[in-house]
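To start, the structure under review is shown below, and the notes come after it.
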Amino acid sequence: EVGQPAITFLPESPTLPPAETPTMPFVEKLLEEAPGKEQRKPYLQGLPLQYMLELYQRSADSDGHPRENRTIGATMVRLLMPSANVARPLRGSWHTRLLNFLLERNRVAYQLVRATMVYRHQLHLARFSLSCHVELWVPKSPNNHSSGRGSSQLSLMSQTWTEMDITQHIRQKLWNHKGRRVLRLRFMCQQQNNSEVLEFHQHDTLSMDIAFLLLHLNDTHKTAWKAELLPSGLEEFMGGESSLLSRKAR
Amino acid sequence: QVDSVAPEVSTPSQEQDESKNNQCSLHPYTVSFRQLGWDHWIIAPHHYTPNYCKGTCPRVLHYGLNSPNHAIIQSLINKLVNQSIPQPSCVPYKYDAMSVLLIEANGSILYKEHEGMVAQSCTCR
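Listed in order, the protein sequences are those of chains A and B.
With my numbering, you'll find the first sequence wraps up at 250, consecutive numbering, no jumps.
With my numbering, you'll find the second sequence wraps up at 1125, consecutive numbering, no jumps.
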């Protein structure tokens, strides 16, 4: 199925079995990152999942042991899909979409090693082909006229995907930002060699996985235990025995 | 009174051989994330080999058990002074990391290297 961009919902995931031992950081972190029982989440398939599976296979063996020669340069890589993907009015042969990426607040301060936008620079729909690029959406202000391309370096990753480094932009504008951290981008496609203008509809391919954000991060906390609140999911599935769990039995 | 411990060191009897067989050592063990009920959001790997340490800690803790002095003293105390003080326990000594690919609650996909996931050797302490 991989390669067919689609969003499906998982059936209700079963509750976790009570862990016999006090939580380990891994379980705590896993449950912090994993869905709670009541939460239904979109289950990603298609190209983003394929991209991450390939990254995983390059970085770890089939038992999960990190490879000595891995090149990710960080202990975590998070792939985020756009939280909003809005079509803009057609302008001549240009199709534009606004993409919003929500950077969740990390309870643990992760160090940002690298941030890249990965997007499809070539789209082929029926008898049309489009050449696409991404621009950082910078709110208009009288003094700055720069386009959103800024100093981001582009690197062709494959026939289909291009990687744009936006580490500087995120570090300067968003990473230590206190409020809601939303990265806004414009995904712009120009129709090639065809006089007839292609009409896109809301549900069309452009609203599927055309671009995603990759954050390469490092854990900054050295100690295995973090003095942070137990994630709600953990407390709930341990039947509220938080005294057992919160005891720092080390 | 070290000589009261010495006989165990000098003449390995048949009993000694038996106890040697179940001495503290690393045992391989593999589990699937499905068995742990986590296969809904862990994409890779499919199985996990945490291994475990099991076995008795001998009176004389040989070098390969990486035991600290404290364990040697505790072993002597259990033998010579107060048997309610337990023998040292057989626990993991060194660990390996493990990389996991999982889907987060908000739908993003996370590759993460977790320290301390696979027991690599054991110790008595």
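In this text, a Cβ means the ideal position worked out from N, Cα and C, and glycines have one as well.
Put simply, the CB of glutamate 104 of chain A is near chain B, with a gap under 8 Å to one of its CB atoms. Each of A:Arg67, A:Gly64, A:Leu213, A:Ser83 was checked against the Cα of threonine 167 of chain A, and the nearest Cα belongs to A:Leu213. Annotation for histidine 169 of chain A: the continuous alpha helix (DSSP H) segment containing it runs 167-170. Minimum Cα-Cα distance from asparagine 176 of chain A among the listed residues A:Arg105, A:Arg184, A:Gln50 corresponds to A:Arg105. Counting only Cβ-Cβ distances below 9 Å, alanine 60 of chain A has contacts in chain B at Ala1044, Pro1045, Met1098, Ser1099, Val1100, Leu1101, Tyr1111, Glu1113, in chain order. With respect to chain A, the C-beta atom of serine 1108 of chain B has a partner C-beta closer than 8 Å. If the five residues before and after tyrosine 1111 of chain B are omitted, its C-beta is found closer than 7 Å to the C-beta atoms of Ser1099, Leu1101, all from its own chain and listed in chain order.
Three or more Cβ pairs closer than 8 Å define a contact, and the region 71-86 of chain A falls short of that threshold against the region 123-140 of chain A. Take valine 113 of chain A, set aside five residues on each side of it, and the residues of its chain with a beta-carbon closer than 7 Å to its own are Gly73, Ala74, His216, Leu217, Asn218, in chain order.
At least 8 Å separates the CB of methionine 117 of chain A from every CB of chain B.
About 5 Å separates the beta carbons of tyrosine 1093 of chain B and asparagine 1066 of chain B, which is inside the 8 Å limit, making them a contact pair. In the DSSP assignment, tyrosine 56 of chain A falls within the unbroken alpha helix (DSSP H) covering 47-59. DSSP places tyrosine 1029 of chain B outside both helix and strand once states are collapsed to three, so it counts as coil. Around the beta-carbon of proline 1068 of chain B, fewer than 16 other beta-carbon atoms lie within 10 Å, marking it exposed.
Take alanine 115 of chain A, set aside five residues on each side of it, and the residues of its chain with a beta-carbon closer than 6 Å to its own are Ile166, Thr167, Ile170, Leu215, in chain order. Straight-line measurement puts the Cα of glycine 46 of chain A at about 21 Å from the Cα of cysteine 189 of chain A.
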